[in-house]
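Residue numbers (my numbering): 925 to 1089. Cβ coordinates follow ideal geometry from the N, Cα and C atoms, glycine included. Nothing here was measured: the structure is a model prediction, and the numbers come from that model. Here's the structure, in structure tokens; my notes come after.
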């Protein structure tokens, strides 16, 4: 457990060094200690298997690149709607299954984040951890792809957290 927390603290230590602007070993060590303390207080339920780590890192990179692409495309779509005389809005709230059999709160939260951070869609509520209510700007545009997009998003998130069974 301590080795897992130590490993999880490394990115926090790097972030600490970047935020403090003091790239010295003592600063990295302090960031490592602060990260360990934070993890011990929160006690995350994270599985780290060194053999799966490269795949998880690749999963994070792919998820972030796709998320960035989705943010850019959604931003352009919302800007086009705002600048258009006919905005083409048919707002609605749609119930979408999280499609996560394990009812993992981390996966549900990351799913909600992935939807909410893109302009034009917003998770407004959860019914337990298996159903999300998503507000969309145009139901005709969103309805055909939301379930498929959730399936792909869930697959990427599970790969990231080491749960792609």
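Who does residue i pair with in a DSSP beta bridge?
{"i": "residue 941", "result": "Looking at the DSSP assignment, residue 941 forms no beta bridge with any residue, so it has no partner."}
{"i": "residue 1019", "result": "1057"}
{"i": "residue 1050", "result": "1056"}
{"i": "residue 1014", "result": "1062"}
Would you identify the three-state DSSP class for residue i, choosing helix, strand or coil?
{"i": "residue 1069", "result": "coil"}
{"i": "residue 1084", "result": "helix"}
Once the 5 residues before and after residue i are set aside, which same chain residues still bring their CB inside 8 Å of it?
{"i": "residue 938", "result": "952, 955"}
{"i": "residue 1011", "result": "1005"}
{"i": "residue 984", "result": "1084"}
{"i": "residue 1041", "result": "991, 995"}
{"i": "residue 1051", "result": "1019, 1057"}
Skipping 5 residues on each side, what residues in its chain have a beta carbon closer than 7 Å to that of residue i?
{"i": "residue 960", "result": "929, 930, 933"}
{"i": "residue 1019", "result": "1055, 1057"}
{"i": "residue 1062", "result": "1012, 1013, 1014"}
{"i": "residue 963", "result": "929, 932, 933"}
{"i": "residue 946", "result": "none"}
For residue i, which residues of its own chain have a beta-carbon under 6 Å away from its beta-carbon, when the five flanking residues on both sides are left out?
{"i": "residue 1034", "result": "1081"}
Assess contact between the segment 976-988 and the segment 1018-1026, defined as three or more Cβ pairs (one per stretch) separated by less than 8 Å. Is contact present? Short answer: they don't touch.
Determine contact between the segment 991-1004 and the segment 1046-1055, defined as no fewer than three beta-carbon pairs at a distance below 8 Å. Not touching, per the Cβ criterion.
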